[in-house]
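J.: Chains as they are written, first to last, in full-length UniProt numbering: chain A, 1 to 441; chain B, 1 to 441. Okay, handing you the structure first.
2 protein chains.
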Amino acid sequence: MAEDKNAVGVAVLGLGNVGSEVVRIIEEDAEDLAARIGAPLQLRGIGVRRVAADRGVPVELLTDDIDALVARDDVDIVVELMGPVEPARKAILAALENGKSVVTANKALLAQSTGKLAEAAEKARVDLYFEAAVAGAIPVIRPLTQSLAGDTVLRVAGIVNGTTNYILSAMNDTGADYESALADASALGYAEADPTADVEGHDAAAKAAILASIAFHTRVTADDVYCEGITKVTAEDFESAKALGCTIKLLAICERLTTDKGKQRVSARVYPALVPLDHPLASVGGAFNAVVVEAEAAGRLMFYGQGAGGAPTASAVLGDLVMAARNRVQGGRGPRESKYAKLPIAPIGMIPTRYYVSLYVSDKPGVLSSVAAEFAKREVSIAEVRQEGVVNEGGERVGARIAVLTHRATDEALSKTITALEGHDAVSSVASVLRMEGAGE
Amino acid sequence: MAEDKNAVGVAVLGLGNVGSEVVRIIEEDAEDLAARIGAPLQLRGIGVRRVAADRGVPVELLTDDIDALVARDDVDIVVELMGPVEPARKAILAALENGKSVVTANKALLAQSTGKLAEAAEKARVDLYFEAAVAGAIPVIRPLTQSLAGDTVLRVAGIVNGTTNYILSAMNDTGADYESALADASALGYAEADPTADVEGHDAAAKAAILASIAFHTRVTADDVYCEGITKVTAEDFESAKALGCTIKLLAICERLTTDKGKQRVSARVYPALVPLDHPLASVGGAFNAVVVEAEAAGRLMFYGQGAGGAPTASAVLGDLVMAARNRVQGGRGPRESKYAKLPIAPIGMIPTRYYVSLYVSDKPGVLSSVAAEFAKREVSIAEVRQEGVVNEGGERVGARIAVLTHRATDEALSKTITALEGHDAVSSVASVLRMEGAGE
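Okay, structure coming up:
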């Protein structure tokens, strides 16, 4: 490549799926990108763990000296796509301190330290963009921070993890149990060798922290997010869901709550939930992502698309890169962090939600009444209840199954009710407990 | 209101549905907006046609001297919500020349002169924002200009007019004919007293011009947009649609085409089209809007929400206002227009599309064959054909009806085929001609 004094110098850290796509597009679409930026992009170096000739890029661009790369005078923008929290944090902080703008897709890092990184960017008066960190190619960060900057966001609820959505969609469609759906997802490349971060909800929780932070102008870290994964969802849960006209989705929910005393709080939580089939999130299948935003003036908005994969994530990275480069060329900066409202986090116990509970009980008179009394004692109102006999293989009636759908109550009252039921004489087992979202009160 | 030297001065032009909401939010959410901007917004004046005490705002803010208002030294940002092209154009140009940033929702004006306005904003080095001009509260302008700035947009297809979508949804759901569905929409306030701009597709065409301009970095005006409205859509068309597993939607379509000679062109068009029921746009009902964007790396994205109404449109205006104000406070500007690619416009005749044609023919041997020959002569390939007898009130067979669904062919070849069929001896009438979108080749 010829040197160009006006060029915007770019360093890419990491050459995995996304990094390779970003490098490819920077080179193949050079002319279009230059027209949109007002100057050409010039790739100054690619940081990798191990320099090798077989990486599909000119070997002279590769370096394993990340510290030197992010300090180079001819680098204006650092694109961080290395993945884990460390050494990405160190590299990003060094880049910002060196006055480089930074584009990153590192949700785990952002969810730990968005405040620190934003402060470092502010101090250096450079851009820090991270559209690709949530929901891949789907623009959600920019709409929340810019398009809705004059509105009051009430709620963000999304399907933001493709792996778990693939597994849950398969369980819904085929009746498979969790283990076999996970095995299929792994065989097809939809789940990683160690799927823990996805199936335990940690990936979704990091995204929920980022979404809650920007939607409510409050710093929320992954530790503030209540998190349940999908490993305990059973084929029987899906049968129950179907009977209720629902499916089960792993949702990331961020909510602005007004508590009894009129105080505003923020809730961020991730769990598998029953979603009615006519809700827009119910039909988001496979590896797709969708985010529903409810704002005071805008009403309900939905954003839908591919949430992962090399090319879609690269699209989001490139959008940020072009914006950061244009700001460099034009001598400005993008919109900064707004002043933070510092709303306190609402613990999960405080959250009003609906529960679906399925119990096996002994088949004696008065059981339904005493089960219902456990709900009533904790002021949990029952919306629907169904009781049916349970027969053994010989066709003999051996007990009953009671399924209860509650109205909204605090999670604390509901979980105390479940604990009481688990210790109840007439209850042989609590077969399933699922929250329900998007179905009114 | 107390004067504040650091405040960002705002003038609002127009006090209709949207203007009133914008003024209300500026006053009621003053504290939040100030936190996000870094300085308070101060309303300096509201331009109206007639100053009166009963407008729900302090009368001293009202003025009918727009020229003076947009020239005031203490006005930093002008929010134009007057509606018609004139006097809005004059007011916006004056504001830009006076160094004010401008936020507008005026799609008709933008579709006529986006180039001129952008140049004036560039010359004055101020912001010109217009998120509210397309699809109300749904962020589409910012995602297209910023989030997808590093991607190549291939196609934008949307339902961008709530009035016609309401009418078509009603026709689909109730079997009503166009006139009675329009009358209902008028009675319920979904259609204006003079619905021409909506039902003839002009409103959608203006939005298509704006979308095509920003998606393809090419200046497209409303005159470049091929436009058919919904006034000729019949109840029988909806019966045909149902038989094909489709509904009918008024679509605004913007496409990047590569012609035979490898040249890139841009198409922008608006017409009612058959849409398969499993397509994401098919289920967008009532007064909602949705825009599907297909980009090379990002794949297919969809944006959905309320496309009109005072509050949703005000949300988009406020987002732009906060961004423009933040740029003022921080001494920068938002991203400017990118260099324009100036792709030529593809005339409608060049567009590959699919047609559904329904014909009444005389019931003689050889008619189907000679009708099919008219398609073949123009190299239009037939995908499906159905022929059925037509009986009169006495149950006597008086003719036949032939329904043809074609594969993709150029619109020119298809429209020539229709002209030939209209003049064909055996054809008594061409009952319906509809394009089909979103159903493959």
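The beta carbon of each residue, even a glycine, is placed where N, CA and C say it ideally should be.
Checking contacts by CB at 8 Å: is A/Thr-152 closer than that to chain B?
T.: Counting from 1 along the first sequence, the entry for residue 152 of chain A is found at position 152. So, interface residue.
J.: Answer with yes or no whether the minimum CB distance from B/Glu-192 to chain A is below 8 Å.
T.: Start at 1 with the first residue of the second sequence, and residue 192 of chain B comes out as number 192. No, because no Cβ of chain A sits closer than 8 Å to the Cβ of B/Glu-192.
J.: Would you decide whether B/Pro-365 is buried or exposed? Buried here means 16 or more other CB atoms lie within 10 Å of its CB.
T.: Against the second sequence, residue 365 of chain B aligns to sequence position 365. Exposed: under 16 other Cβ atoms inside 10 Å.
J.: In chain order, what residues of the same chain lie with their CB nearer than 6 Å to the CB of B/Pro-195, ignoring the 5 residues before and after it?
T.: Position 195 of the second sequence, counted from the start, is the residue given in the question as residue 195 of chain B. Result list for B/Pro-195: empty, nothing under 6 Å.
J.: Going by CA-CA distance only, name the one from A/Ala-157, A/Tyr-190, A/Met-82 that's closest to A/Ala-268.
T.: As a first step, residue 268 of chain A must be located in the first sequence, where it is residue number 268. Closest option to A/Ala-268, Cα to Cα, is A/Ala-157.
J.: Under 8 Å between the Cβ atoms of B/Glu-31 and B/Gly-319?
T.: Within the second sequence, numbered from 1, the residue matching residue 31 of chain B stands at position 31. Within the second sequence, numbered from 1, the residue matching residue 319 of chain B stands at position 319. No, the Cβ-Cβ distance between B/Glu-31 and B/Gly-319 is not below 8 Å.
J.: Could you give the uninterrupted runs of the alpha helix (DSSP H) lying entirely in the stretch 225-289 of chain A, keeping only those of 4 residues or more?
T.: For the stretch 225-289 of chain A, whole alpha helix (DSSP H) runs of length 4 or above, ordered along the chain, are 235-243.
J.: Compile a chain-ordered list of the residues in the UniProt domain "ACT" (356-435) of chain B whose CB is closer than 9 Å to at least one CB of chain A.
T.: Under the 9 Å Cβ criterion, the UniProt domain "ACT" (356-435) of chain B contributes no residue.
J.: Could you tell me whether the Cβ of B/Glu-131 comes closer than 8 Å to any Cβ of chain A?
T.: Indexing the second sequence from 1 puts residue 131 of chain B at position 131. Closer than 8 Å: yes.
J.: Can you tell me whether A/Lys-249 is buried or exposed, with buried defined as 16 or more other CB within 10 angstroms of its CB?
T.: For the purposes of this step, residue 249 of chain A is taken as residue 249 along the first sequence, with counting starting at 1. Classification for A/Lys-249: buried.
J.: Leaving aside the five residues before and after A/Val-85 along the sequence, list all residues of the same chain whose C-beta is less than 6 Å from its C-beta, in chain order.
T.: Position 85 of the first sequence, counting from 1, holds the residue named residue 85 of chain A. For A/Val-85, where only same-chain residues beyond five positions count, the Cβ hits under 6 Å are Ala-108, Leu-109.
J.: What are the complete alpha helix (DSSP H) segments, minimum 4 residues, inside the stretch 114-155 of chain A?
T.: With a minimum length of 4 residues, no continuous alpha helix (DSSP H) run stays inside the stretch 114-155 of chain A.
J.: Using the Cβ count rule (16 or more neighbours within 10 Å means buried), how would you classify A/Pro-344?
T.: Here the question's residue 344 of chain A lines up with position 344 in the first sequence. By the 10 Å Cβ count, A/Pro-344 comes out exposed.
J.: Residues bridged to B/Tyr-178 by DSSP?
T.: Counting from one through the second sequence, the residue named residue 178 of chain B turns up at place 178. B/Tyr-178 is not bridged to any residue.
J.: Comparing the C-beta of A/Asp-32 with each C-beta of chain B, is any distance below 8 Å?
T.: Position 32 of the first sequence, counting from 1, holds the residue named residue 32 of chain A. Closer than 8 Å to some Cβ of chain B, the Cβ of A/Asp-32 qualifies, so yes.
J.: By how many angstroms is the C-alpha of B/Ala-206 removed from the C-alpha of B/Gly-307?
T.: Working through the second sequence from its first residue, we reach residue 307 of chain B at position 307. Working through the second sequence from its first residue, we reach residue 206 of chain B at position 206. So the two alpha carbons sit approximately 14 Å from each other.
J.: List, in chain order, every chain B residue whose beta-carbon is nearer than 8 Å to that of A/Gly-305.
T.: In the first sequence, residue 305 of chain A corresponds to position 305, counting from 1. Within 8 Å Cβ-Cβ: Ala-298, Gly-299, Arg-300, Leu-301, Met-302.
J.: Below 8 Å on the Cβ atoms is my guess for A/Leu-277 versus A/Cys-246; work out the distance and round it to an integer in Å.
T.: If you number the first sequence from 1, residue 277 of chain A lands on position 277. If you number the first sequence from 1, residue 246 of chain A lands on position 246. Confirmed, about 6 Å.
J.: On a CA-only basis, which of A/Leu-81, A/Ala-185, A/Ala-105, A/Gly-299 is nearest A/Leu-155? Give me that one, please.
T.: Start at 1 with the first residue of the first sequence, and residue 155 of chain A comes out as number 155. The question names Leu, yet the displayed sequence has Arg at residue 155 of chain A. When only C-alpha atoms are compared, the closest one is A/Gly-299.
J.: Go ahead and pull the three-state DSSP assignment for B/Ala-383.
T.: For the purposes of this step, residue 383 of chain B is identified with residue 383 of the second sequence, where counting begins at 1. DSSP places B/Ala-383 in strand when its eight states are reduced to three.
J.: Candidates A/Ala-149, A/Tyr-355, A/Ala-133: which alpha carbon is nearest B/Val-317's?
T.: The count along the second sequence starts at 1 and reaches residue 317 of chain B at position 317. Here the closest residue by C-alpha is A/Ala-149.
J.: Does chain A have any CB closer than 8 Å to the CB of B/Met-171?
T.: The count along the second sequence starts at 1 and reaches residue 171 of chain B at position 171. Answer no: the Cβ-Cβ gap between B/Met-171 and chain A never drops below 8 Å.
J.: To which residues does DSSP link A/Val-79 through a beta bridge?
T.: Taking the first sequence and counting its residues from 1, one reaches residue 79 of chain A at position 79. According to DSSP, A/Val-79 bridges with A/Val-12, A/Val-103.
J.: Under a three-way DSSP split, which group does A/Arg-72 fall into?
T.: Mapped onto the first sequence, residue 72 of chain A falls at position 72. Of the three classes helix, strand and coil, the one that applies to A/Arg-72 here is coil, per DSSP.
J.: So who's on the other strand from A/Tyr-355, going by DSSP bridges?
T.: Along the first sequence, one-based indexing puts residue 355 of chain A at 355. Answer is A/Arg-435.
J.: Do you know how far the Cα of B/Ile-253 is from the Cα of B/Ala-204?
T.: Locating residue 204 of chain B in the second sequence gives position 204, counting from the first residue. Locating residue 253 of chain B in the second sequence gives position 253, counting from the first residue. Distance between the alpha carbons of B/Ala-204 and B/Ile-253 is about 10 Å.
J.: Between the alpha carbons of A/Arg-49 and A/Ile-138, how many angstroms are there, rounded?
T.: Along the first sequence, read from residue 1 onward, the residue named residue 49 of chain A stands at position 49. Along the first sequence, read from residue 1 onward, the residue named residue 138 of chain A stands at position 138. Looking at the two C-alpha atoms, the distance is approximately 29 Å.
J.: Give me, in chain order, the residues of the same chain whose beta-carbon lies closer than 6 Å to that of B/Ser-113; leave out the 5 immediate sequence neighbours on both sides.
T.: For the purposes of this step, residue 113 of chain B is taken as the residue at position 113 of the second sequence. Here the set comprises nothing.
J.: Sorted by chain position, which residues of the same chain lie with C-beta nearer than 8 Å to B/Asn-17's C-beta, five sequence neighbours on each side aside?
T.: Counting from one through the second sequence, the residue named residue 17 of chain B turns up at place 17. Hits under 8 Å: Gly-309, Gly-310, Thr-313.
J.: At least one CB of chain A closer than 8 Å to the CB of B/Pro-58: is that the case?
T.: Position 58 of the second sequence, counted from the first residue, corresponds to residue 58 of chain B. Closer than 8 Å: no.
J.: Do A/Ile-25 and B/Ala-297 have their C-beta atoms within less than 8 Å of each other?
T.: Taking the first residue of the first sequence as 1, we reach residue 25 of chain A at position 25. Taking the first residue of the second sequence as 1, we reach residue 297 of chain B at position 297. Yes; because the gap between Cβ atoms is below 8 Å, this pair is in contact.
J.: Can you give the Cα-Cα distance for A/Ala-241 and A/Val-404, rounded to whole angstroms?
T.: Counted from its first residue, the first sequence places residue 241 of chain A at position 241. Counted from its first residue, the first sequence places residue 404 of chain A at position 404. Answer to the nearest angstrom: the Cα atoms are 12 Å apart.
J.: Taking only the alpha-carbon atoms, compute the straight-line gap between B/Val-8 and B/Ala-53 and give it to the nearest angstrom.
T.: In the second sequence, counting from the first residue as 1, residue 8 of chain B sits at position 8. In the second sequence, counting from the first residue as 1, residue 53 of chain B sits at position 53. About 26 Å.
J.: Give me the chain A residues within the contact set of B/Gln-146, using Cβ-Cβ distance strictly less than 7 Å, ordered along the chain.
T.: By one-based count along the second sequence, residue 146 of chain B stands at place 146. Under the 7 Å cutoff, chain A gives Arg-142, Gly-319, Met-323.
J.: Do you know offhand how far A/Thr-410's Cα is from A/Val-380's?
T.: Mapped onto the first sequence, residue 410 of chain A falls at position 410. Mapped onto the first sequence, residue 380 of chain A falls at position 380. Cα to Cα, the separation comes out at about 8 Å.
J.: Can you grab the Cα-Cα spacing for the pair A/Gly-389 / A/Tyr-360, in whole Å?
T.: Counting from 1 along the first sequence, the entry for residue 389 of chain A is found at position 389. Counting from 1 along the first sequence, the entry for residue 360 of chain A is found at position 360. Distance between the alpha carbons of A/Gly-389 and A/Tyr-360 is about 10 Å.
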